[in-house]
Amino acid sequence: MNIIRCLNAHDVALKAYEIFKHQLHTKPHSVLGLATGSSPILLYQELILGVQNKELSFKDVSTFNLDEYVGMDSTHPQSYAYFMKTQLFDHVDIQLHHTHIPHGLAHDLDLECKLYNEALDQYHVDIQLLGIGSNGHIGFNEPFTPFESVTHVVKLKESTRQDNAIFFNTLEEVPTHAISMGIQNILKAKKIVLLAIGKKKAHAIKAMVEGPIHESCPGSILQTHPDVTLIIDEEAASLLSQYKS
Ligand code: GLP
Numbered sequence: 005m006n007i008i009r010c011l012n013a014h015d016v017a018l019k020a021y022e023i024f025k026h027q028l029h030t031k032p033h034s035v036l037g038l039a040t041g042s043s044p045i046l047l048y049q050e051l052i053l054g055v056q057n058k059e060l061s062f063k064d065v066s067t068f069n070l071d072e073y074v075g076m077d078s079t080h081p082q083s084y085a086y087f088m089k090t091q092l093f094d095h096v097d098i099q100l101h102h103t104h105i106p107h108g109l110a111h112d113l114d115l116e117c118k119l120y121n122e123a124l125d126q127y128h129v130d131i132q133l134l135g136i137g138s139n140g141h142i143g144f145n146e147p148f149t150p151f152e153s154v155t156h157v158v159k160l161k162e163s164t165r166q167d168n169a170i171f172f173n174t175l176e177e178v179p180t181h182a183i184s185m186g187i188q189n190i191l192k193a194k195k196i197v198l199l200a201i202g203k204k205k206a207h208a209i210k211a212m213v214e215g216p217i218h219e220s221c222p223g224s225i226l227q228t229h230p231d232v233t234l235i236i237d238e239e240a241a242s243l244l245s246q247y248k249s
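Heads up: the sequence shown begins at 5 in our numbering, then just goes up one per residue.
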């Protein structure tokens, strides 16, 4: 894994921006795997500025999001579809029919997962953007999700619901289930860029980078991928052996 240690969250976003800018310059028809949560927000702001400054364009880009809460449609303010619309899609020149997010309100969730997998199989993601949960989850692949998994319905761990409660008024409002790309979908990306900010991520980052490759830490499977770049701040990197003083 290539590890880029940054001074702060803004620096993380700028480093990630350079990778995405290079990708879109090299291949305007890129397929991007996108993430939600707090980690990518500053990167999305940089990408919006990049489009406004005419440094890059999303005109020919296609996107696949990692996950969506079950029971929420795109108008729900806490849905990941709404997040993507307000944090990125509304502000760049992307064609909305080129964007893909699992439908959280689908009547038949198993069918929705199957259709999402089929759509993913028709494309080849150039860069998959990831965050990491404090328990090591990637996408919504919680600890002990089989490494062979593809898009599936997930029962969220209580720790994940508590972490994500910051986006809701109460813990009770946080959904109990989500649809998530599986580990195999993520590993198929040509390149993976993972962002992590803050002390809360330090244990997960250490387990992912230095721990055994084990389903107890879903992120540890990234050790097997040939092109992974971690862009992390000093706090998230603080438990890594190479940075310990
Ligand atoms: C959420 C999302 C993940 C995200 C992770 C970290 O549960 N499903 O895709 O990477 O948690 O979120 P944050 O960036 O807010 O710390």
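Just so you know, even glycine gets a beta-carbon here, dropped at the ideal spot from N, CA and C.
Contact test: residue i Cβ vs ligand 1 heavy atom, cutoff 6 angstroms
{"i": "Leu70", "result": "yes"}
{"i": "Ala110", "result": "no"}
{"i": "Ser224", "result": "no"}
{"i": "Ala144", "result": "Looking at the sequence provided, one finds Phe at residue 144 rather than Ala. Flag set: Cβ of Phe144 near ligand 1."}
{"i": "Gly37", "result": "no"}
{"i": "Ser242", "result": "no"}
{"i": "Gly186", "result": "no"}
{"i": "Gly135", "result": "yes"}
{"i": "Ser42", "result": "yes"}
Strand pairing of residue i, partner residues [DSSP]
{"i": "Glu72", "result": "Ile183"}
{"i": "His104", "result": "Phe68"}
{"i": "Asn145", "result": "Ile142"}
{"i": "Thr233", "result": "Asn6 and Val197"}
{"i": "Leu323", "result": "Examination of residue 323 is not possible in this model, given that the chain is present from 5 through 249 alone."}
Coil, strand or helix - residue i by DSSP
{"i": "Lys159", "result": "strand"}
{"i": "Lys195", "result": "strand"}
{"i": "Gly137", "result": "coil"}
{"i": "Gly202", "result": "coil"}
{"i": "Ser242", "result": "coil"}
{"i": "Ile23", "result": "helix"}
{"i": "Pro44", "result": "coil"}
{"i": "Ala110", "result": "coil"}
{"i": "Thr30", "result": "helix"}
{"i": "Asn189", "result": "helix"}
{"i": "His218", "result": "coil"}
{"i": "Ile209", "result": "helix"}
CB-CB length for residue i against residue j, believed under 8 angstroms
{"i": "Ile209", "j": "Ile236", "result": "6 angstroms"}
{"i": "Gly299", "j": "Ile190", "result": "Nothing can be reported for residue 299, as the shown portion of the chain is limited to 5 through 249."}
{"i": "Met76", "j": "Pro179", "result": "7 angstroms"}
{"i": "Val158", "j": "Ser138", "result": "16 angstroms between Cβ atoms; not a contact."}
{"i": "Ala182", "j": "Asp71", "result": "5 angstroms"}
{"i": "Thr164", "j": "Glu146", "result": "7 angstroms"}
{"i": "Phe171", "j": "Gln27", "result": "No, Phe171 and Gln27 are not in contact; Cβ-Cβ is about 28 angstroms, not under 8 angstroms."}
{"i": "Lys194", "j": "His128", "result": "7 angstroms"}
{"i": "Ile196", "j": "Pro222", "result": "Not a contact, Cβ separation roughly 13 angstroms."}
Bounding residues of the alpha helix (DSSP H) (the contiguous stretch that carries residue i)
{"i": "Gln82", "result": "From DSSP, Gln82 is part of no alpha helix (DSSP H); its letter is neither H nor E."}
{"i": "Cys117", "result": "Leu113 to Gln126"}
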